[in-house]
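Residue numbers (this note's numbering): 5 to 486. Written out below as structure tokens is the structure these notes cover.
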């Protein structure tokens, strides 16, 4: 995948830029040694790497503002970085850019249980937000599989979801306010500790903007009371398409589980070997969790069981204990990492109408046979957020390119059936050249016009989201206008 050539004028003044950064930050917060910047050369899309000019680790909104003001004046591109767990190359640097990592900004600033919100610095990890409020029986709903490591900053940038998004929504449905620093150092406050803010919904513009518009340093998040109880069940099927049809029928019936997760045989075998979750022997498995009072749980499970039985399941089983429930979810949450132990892989993120699940699953299998690459499917079936994992050999010449071509065809299939390129991983570099398959030139122009307003010099998170040729010309126009 092509990356832009570094700006030689920026590289030539590296020493001066680093010197200025050291006046803003403590010495241990500025990383410029080439051996040390390698730690920031990629995110979780490890097939692509590029060491940055430098990396900085601020501890406050004020320090972020000072950094951006300096880089804006010097014409230095900035790549915001949360925990580096992006699967789309969202935090991949360019050689002339400064990585701005928020990992040290991890404090809890305010907790209000009466009004059900928590305000945190955005370097805080997703799971630790729940950790800060669980003693009072509250939790933060969005739960990406990487929640142990991923940062709220990245969750906001990519509008992340997770297994329980079917009931509770994704990040945008749980984000109430944000402190955002623009590229010129200006600090703005959006939303706040209330349901809706008046005026234009700029918070909605920022959430999911992939670091293209500003750096979010603080976030006000909605917290919820824990449900009275929750119980997962396993439903196994003899084909992917049958499992997909069952999901569509559950949604059509108006039943709303808190989660419906899908795993096919390749993923089941790998996850079972890793987590010893006791998954049944089948071609496709649904993990369905319901929650509420005992009466509500029993009613929902009975309705789901009746629907599942019309599809001739291989096995239906309810978790019999808290430890069994934990094992079921450990296997699902560990699936990506477990696959990484046996093969190189690329994880996709197309989203489709639930009714199209059988067709798309059959299409993915056909593409697997066409390209000769094994694929495993594990995803949030309830909202149609697909996560095919294409397995390849990074050491085999041509395999990566074959994997990319297959991935592009899968994502085009998602768009063809009425879906979109991404549900929660973002566009990053992975899908930027496919944006033309989903959007018209006028659509893309409207999106880029928004970036023109927030980041006129096109310095924030370069080479992402939009086709590379388009962003290069936009950047050239911005430089010429200076």
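All C-beta atoms in this analysis are idealised placements derived from N, C-alpha and C, irrespective of residue type, glycine included.
Checklist entry - For the candidate residues 69, 295, 395, 331, whose alpha-carbon lies nearest to that of residue 343? => result It is 395.
Checklist entry - Unbroken alpha helix (DSSP H) runs of length 4 or more, entirely within the stretch 292-356: which are they? => result Taken in chain order, the unbroken stretches of alpha helix (DSSP H) that lie wholly in the stretch 292-356 and span 4 residues or more are 298-313, 326-337, 339-344.
Item to check | Residue ranges of each beta strand (DSSP E) within the stretch 106-145, 3 or longer | outcome: Counting only runs of 3 or more, we get 112-116, 121-125.
Checklist entry - Is it true that the CB of residue 175 sits closer than 7 Å to the CB of residue 160? => result Contact: yes.
Checklist entry - Can you pull the DSSP bridge partners for residue 424? => result Partner residues in the beta bridge of residue 424, as assigned by DSSP, are 355.
Checklist entry - The alpha helix (DSSP H) spanning residue 38 covers which residue range? => result Run containing residue 38: 38-41, per the alpha helix (DSSP H) assignment.
Checklist entry - In terms of alpha-carbon separation, which member of 186, 181, 219, 216 lies closest to residue 202? => result Answer by Cα proximity: 181.
Item to check | the stretch 367-377 / the stretch 443-456 touching (three or more Cβ pairs under 8 Å) | outcome: No, the stretch 367-377 does not touch the stretch 443-456.
Checklist entry - residue 272 lies in the alpha helix (DSSP H); which residues open and close that run? => result Note, residue 272: alpha helix (DSSP H), 269-279.
Next on the checklist: So for residue 84, helix, strand or coil by DSSP?
Outcome noted: Secondary structure at residue 84: strand, using DSSP grouped into helix, strand and coil.
Checklist entry - Excluding sequence positions up to five away, which residues of its chain have a Cβ less than 8 Å from the Cβ of residue 111? => result If the five residues before and after residue 111 are omitted, its C-beta is found closer than 8 Å to the C-beta atoms of 124, 125, 128, all from its own chain and listed in chain order.
Checklist entry - Is the Cβ-Cβ distance between residue 430 and residue 214 less than 7 Å? => result Yes, the Cβ-Cβ distance between residue 430 and residue 214 is below 7 Å.
Checklist entry - Would the beta-carbon of residue 386 fall within 7 Å of that of residue 238? => result Going by C-beta atoms, residue 386 is not nearer than 7 Å to residue 238.
Item to check | Sheet register partners of residue 34 (DSSP bridge) | outcome: Looking at the DSSP assignment, residue 34 forms a beta bridge with 60.
Checklist entry - In whole angstroms, what separates the C-alpha of residue 220 from that of residue 325? => result Near 40 Å, if we compare the C-alpha coordinates of residue 325 and residue 220.
Checklist entry - Alpha carbon to alpha carbon, how far is residue 96 from residue 222? => result So the two alpha carbons sit approximately 22 Å from each other.
Checklist entry - What are the boundary residues of the alpha helix (DSSP H) that residue 381 is part of? => result Following the DSSP letters along the chain, one finds residue 381 in no alpha helix (DSSP H) but inside the beta strand (DSSP E) bounded by residues 379-384.
Next on the checklist: Here's the rule: buried if 16 or more other CB atoms are within 10 angstroms of the residue's CB, otherwise exposed. What is residue 47?
Outcome noted: Counting Cβ neighbours within 10 Å, residue 47 comes out buried, since at least 16 surround it.
Item to check | 8 Å contact criterion, which residue 406 and residue 82 should meet: CB distance rounded | outcome: Incorrect: roughly 34 Å between the Cβ atoms, too far for contact.
Checklist entry - Can you give the Cα-Cα distance for residue 26 and residue 425, rounded to whole angstroms? => result The alpha-carbon atoms of residue 26 and residue 425 are separated by roughly 40 Å.
Checklist entry - Quick one, are the C-beta atoms of residue 179 and residue 151 less than 7 Å apart? => result Contact annotation: residue 179 and residue 151 have beta-carbon atoms that are not nearer than 7 Å.
Checklist entry - Leaving out five residues before and five after residue 141 in sequence, what residues of the same chain have Cβ atoms less than 8 Å from its Cβ? => result The residues are 229, 230.
Item to check | Nearest to residue 76 (by Cα), restricted to the options 189, 445, 61 | outcome: Of 189, 445, 61, the smallest CA-CA separation from residue 76 is found for 189.
Item to check | Element boundaries [alpha helix (DSSP H), containing residue 478] | outcome: In the DSSP annotation of this structure, the continuous segment of the alpha helix (DSSP H) that includes residue 478 starts and ends at 472-485.
Item to check | Close Cβ partners of residue 117 (< 7 Å) along its chain, the five nearest in sequence each way excluded | outcome: Spatial neighbours of residue 117 in its own chain (CB-CB distance under 7 Å, excluding positions within 5 residues in sequence) are listed in chain order as 140, 142.
Item to check | Counted within 10 angstroms of its Cβ, other Cβ atoms place residue 570 as buried (16 or more) or exposed | outcome: Look at the range of the chain in this structure, 5 to 486, and you will see that residue 570 is not part of it.
Checklist entry - Could one say the Cβ of residue 389 lies closer than 7 Å to chain C's Cβ atoms, at least one of them? => result Of the chains in the structure shown, none is chain C; there is only one protein chain.
Item to check | Reduced DSSP secondary structure (H/G/I, E/B, other) of residue 229 | outcome: The answer is strand: DSSP assigns residue 229 an E or B state.
Checklist entry - Nearest CA to the CA of residue 319: which residue from 90, 363, 243? => result Scanning 90, 363, 243 for the CA closest to the CA of residue 319 turns up 243.
Checklist entry - What is the rounded straight-line gap between the Cα of residue 355 and the Cα of residue 168? => result The straight-line gap from Cα to Cα measures roughly 16 Å.
Checklist entry - Taking all protein chains shown into account, do 16 or more other C-beta atoms lie within 10 angstroms of the C-beta of residue 391, making it buried, or fewer, making it exposed? => result The residue in question, residue 391, is buried, as its Cβ has 16 or more Cβ neighbours within 10 Å.
Next on the checklist: Mapping the DSSP letters down to three states, classify residue 181 as helix, strand or coil.
Outcome noted: In the three-state scheme derived from DSSP, where H, G and I count as helix and E and B as strand, residue 181 is classed as strand.
Checklist entry - Should residue 468 go down as buried or exposed, given a rule of 16 or more other Cβ atoms within 10 Å for buried? => result Per the 10 Å Cβ criterion, buried.
Item to check | Residues of its chain near residue 245, where Cβ-Cβ distance is below 7 Å and the 5 sequence neighbours each way are ignored | outcome: Answer for residue 245: 362, 365, 366, listed in chain order.
Checklist entry - Taking the continuous alpha helix (DSSP H) assigned at residue 68, which residues delimit it? => result Unbroken alpha helix (DSSP H) run through residue 68: 65-78.
Next on the checklist: What ranges does the alpha helix (DSSP H) occupy inside the stretch 182-219, keeping only unbroken runs of at least 4 residues that lie completely in it?
Outcome noted: List check, alpha helix (DSSP H) in window: 206-210.
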